[in-house]
Amino acid sequence: MLEMMVLFGAGFAAGILNAIAGGGTFLTFPALVWFGIPPVAANATSTLGALPGYVSAAWAFRHDVKAEGSLSLRAIFAVSTVGAVIGALLLIVTPSDVFVGVVPWLLLIATVLFGAGPLILKFAKSRGLGQAGVIASGIAIMMVAVYGGYFNGGLGIMLLAAFSLLGFQNLHGMNGLKNVISAIISVVSSVAFISADLIEWQPALVIGVAVSIGGYVGASQSRRIKRTDLLRWFVTAVGAVTTVIFFVS
Numbered sequence: 001m002l003e004m005m006v007l008f009g010a011g012f013a014a015g016i017l018n019a020i021a022g023g024g025t026f027l028t029f030p031a032l033v034w035f036g037i038p039p040v041a042a043n044a045t046s047t048l049g050a051l052p053g054y055v056s057a058a059w060a061f062r063h064d065v066k067a068e069g070s071l072s073l074r075a076i077f078a079v080s081t082v083g084a085v086i087g088a089l090l091l092i093v094t095p096s097d098v099f100v101g102v103v104p105w106l107l108l109i110a111t112v113l114f115g116a117g118p119l120i121l122k123f124a125k126s127r128g129l130g131q132a133g134v135i136a137s138g139i140a141i142m143m144v145a146v147y148g149g150y151f152n153g154g155l156g157i158m159l160l161a162a163f164s165l166l167g168f169q170n171l172h173g174m175n176g177l178k179n180v181i182s183a184i185i186s187v188v189s190s191v192a193f194i195s196a197d198l199i200e201w202q203p204a205l206v207i208g209v210a211v212s213i214g215g216y217v218g219a220s221q222s223r224r225i226k227r228t229d230l231l232r233w234f235v236t237a238v239g240a241v242t243t244v245i246f247f248v249s
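So that you can map any letter, position 182 of the sequence shown is 182 in UniProt numbering, and since no number is skipped, the others follow by simple counting.
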């Protein structure tokens, strides 16, 4: 009972965090590992559990979803699907001990990119680079999708960082698109993980329900947040703490 209560609480908080800025798996993945689920299975279970929250949050943001860069929505979704397939297959063939060693570095990269996103974009604009072209945009989104298919932790942070680097400006639009892409990646990778028998079903269901509720609550409240810089630093802090925990554990 205690385990399920903790997982529900982690899932609810993760749903809110995912809907607003990303990084919710920083809560659900460690919780699953804490309760003894092997890291690869915990990652797969966390990915499936996050899916309903992405869908509910995407629905709440449905009027804000749009592509600001060089790629159309259809192209973005297609690239994301292909990347998710590649990432999921990579996870399935990765030995557990190798995955455990890689996770802290993935979290570190995601956190640094998200926290430094505005500074990197400012530098790019000062150099006259402007909005990224079709090829660069496709490669960037593909790389994030591969990452998301492989490790769901920090996916939202990675997507928002990529959007910032590609020249996106509307935070609510970025959040909406982030949730849709996250849902696509989660669907694709979850199908692969189910086929590989990596899912712990009871924890996945508990997290899924909690994330759904938290995702809708977070999406409905996010528009009231005016200080997006504070939001960015809050998520960066969550990522930093989680990264340190995984490095020292």
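Cβ atoms here follow ideal geometry from the backbone N, Cα and C, with glycine treated the same way.
**Report entry** Three-state class that DSSP yields for N170 in the structure shown
**Finding:** Here residue 170 corresponds to residue number 170 of the sequence shown, with the count starting at 1. N170: coil per DSSP, three-state reduction.
Query raised in the report: Three-state secondary structure (DSSP) at V146?
Result: Position 146 of the sequence shown, counted from the start, is the residue given in the question as residue 146. Residue state, collapsed to three classes: helix.
Query raised in the report: Relative to the C-alpha of W201, which residue among G49, H63 and I185 is closest?
Result: On the sequence shown, position 201 is the one that residue 201 refers to. When only C-alpha atoms are compared, the closest one is G49.
Report task. Could you check which residue in L198, A116 and G148 has the C-alpha nearest to that of V235? Result -> Here residue 235 is taken as the residue at index 235 of the sequence shown, counted from 1. Of the candidates L198, A116 and G148, the one whose C-alpha sits nearest the C-alpha of V235 is A116.
Report task. Determine the extent of the alpha helix (DSSP H) in which E3 is found, giving its start and end residues. Result -> As a working mapping, residue 3 is identified with position 3 in the sequence shown. Where E3 is concerned, the enclosing alpha helix (DSSP H) stretches over L2 to I20.
Query raised in the report: CB-CB under 7 Å to T47, same chain, minus the five flanking residues each way: which ones, in chain order?
Result: Numbered from its first residue, the sequence shown carries residue 47 at position 47. Only N152, S186, S189, S190 and F193 meet the Cβ criterion.
**Report entry** Rounded C-alpha distance that separates S182 from A14
**Finding:** Residue numbering aside, residue 182 sits at position 182 when the sequence shown is read from its first letter. Residue numbering aside, residue 14 sits at position 14 when the sequence shown is read from its first letter. One C-alpha to the other measures close to 14 Å.
Query raised in the report: Start and end of the alpha helix (DSSP H) containing R74?
Result: Here residue 74 refers to the residue found at position 74 when the sequence shown is read from its first residue. That run of the alpha helix (DSSP H) goes L73 to V93.
Query - Segment contact flag, the segment 138-152 with the segment 76-84, C-beta cutoff 8 Å, min 3 pairs - result: yes
Report task. Tell me, please, whether the CB atom of V134 is closer than 9 Å to any CB atom in chain C? Result -> Checking the listed chains, one finds no chain C in this structure; it contains a single protein chain.
Query raised in the report: Roughly how many whole angstroms lie between the Cα atoms of Q221 and G11?
Result: As a position in the sequence shown, residue 221 is number 221, starting the count at 1. As a position in the sequence shown, residue 11 is number 11, starting the count at 1. Taking the straight line from one Cα to the other gives about 17 Å.
Query raised in the report: Is G138 buried or exposed, if buried means 16 or more other CB atoms sit within 10 Å of its CB?
Result: Numbered from 1 along the sequence shown, position 138 holds the residue referred to as residue 138. That one is buried.
Query raised in the report: Which residue from V241, G215, A219 and V112 puts its Cα closest to that of A162?
Result: Looking up residue 162 in the sequence shown gives position 162. Measuring from the Cα of A162, the nearest candidate turns out to be V112.
Query raised in the report: On the three-state DSSP scale, how would you describe K178?
Result: Residue 178 sits at position 178 when you count from the first residue of the sequence shown. In the structure shown, K178 sits in a helix (DSSP, three-state: H, G or I).
Query raised in the report: Roughly how many whole angstroms lie between the Cα atoms of A67 and P104?
Result: As a first step, residue 67 must be located in the sequence shown, where it is residue number 67. As a first step, residue 104 must be located in the sequence shown, where it is residue number 104. Distance between the alpha carbons of A67 and P104: 31 Å.
Query raised in the report: Does DSSP put D64 in a helix, in a strand, or in coil?
Result: The residue labelled residue 64 in the question sits at position 64 within the sequence shown. In this structure, D64 counts as coil in the three-state DSSP scheme.
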